[in-house]
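Below is one structure, written out as structure tokens; the observations come after it.
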Amino acid sequence: MSIRLLCVALLLAQAACISPSVLEPEDRAPRTGFEDRVWRPALESDIAGTYVSEQLSGQLAIVLRMVVYRFEAEGTYTGAALLDDDPPHFEVISGSWQLDQDSMRLDDGPAAQAQVDEYGSLRLNGPDGTVIMRRERPQ
């Protein structure tokens, strides 16, 4: 028997000795660090500030690489979205926002559930996905 065949045989024998492992469903998804945060419905007083996306999911994640928003307390906003296009490019938007109950609406767009956590992060969950944004601290 050649050395090469002996090595292959030994590798196969070792692989046969390794027992298969099965992960529970909750252990299969990647951990992002946001699962353990405590979220509560956002109040108008929570919204004003500058935010940068930390996580995008759903249909949003297919077309966007990142978003940045500046929400003013008076109900206006401006933002930029980095589109995952060829070539990637920013689109700038501005308009007005409103919060009714726990739903936030930009201009005449669809409502998104708005929540905040103890760190000041803002989570918007709408029909096209979820974005989690961290609040930038003034410098």
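Just remember that the working numbering sits 43 ahead of the position in the sequence shown, which is counted from 1.
All C-beta atoms in this analysis are idealised placements derived from N, C-alpha and C, irrespective of residue type, glycine included.
- For Leu125, the enclosing beta strand (DSSP E) begins and ends at 119–126.
- Here Asp150 has Gly138, Ser139 as same chain residues with Cβ atoms under 7 Å from its own Cβ, once five neighbours each way along the sequence are excluded.
- Contact check for Ala104 against Gly169 fails: the beta carbons are separated by 8 Å or more.
- Rounded to whole angstroms, the Cβ separation of Phe114 and Ala123 is 13 Å, and the two are not in contact under 8 Å.
- For Ile136 and Thr93, the gap between their C-alpha atoms comes out near 14 Å.
- For Thr121, the closest C-alpha among the options Asp128, Val110, Glu97, Glu87 is that of Val110.
- Buried is the label assigned to Gln158, since at least 16 other Cβ atoms lie within 10 Å of its Cβ.
- In the three-state DSSP reduction, Leu142 falls in the strand class (E or B).
- Sorting Arg80, Glu97, Arg83 by C-alpha distance to the C-alpha of Arg178 places Glu97 at the top.
- For Ser100, there is no enclosing alpha helix (DSSP H); the enclosing beta strand (DSSP E) has its first and last residue at 92–100.
- The C-beta distance from Leu126 to Val106 rounds to 6 Å, short enough to meet the 8 Å contact threshold.
- The alpha-carbon of Val81 is positioned some 16 Å away from that of Val174.
- Under DSSP, Ser137 forms a beta bridge with Thr121.
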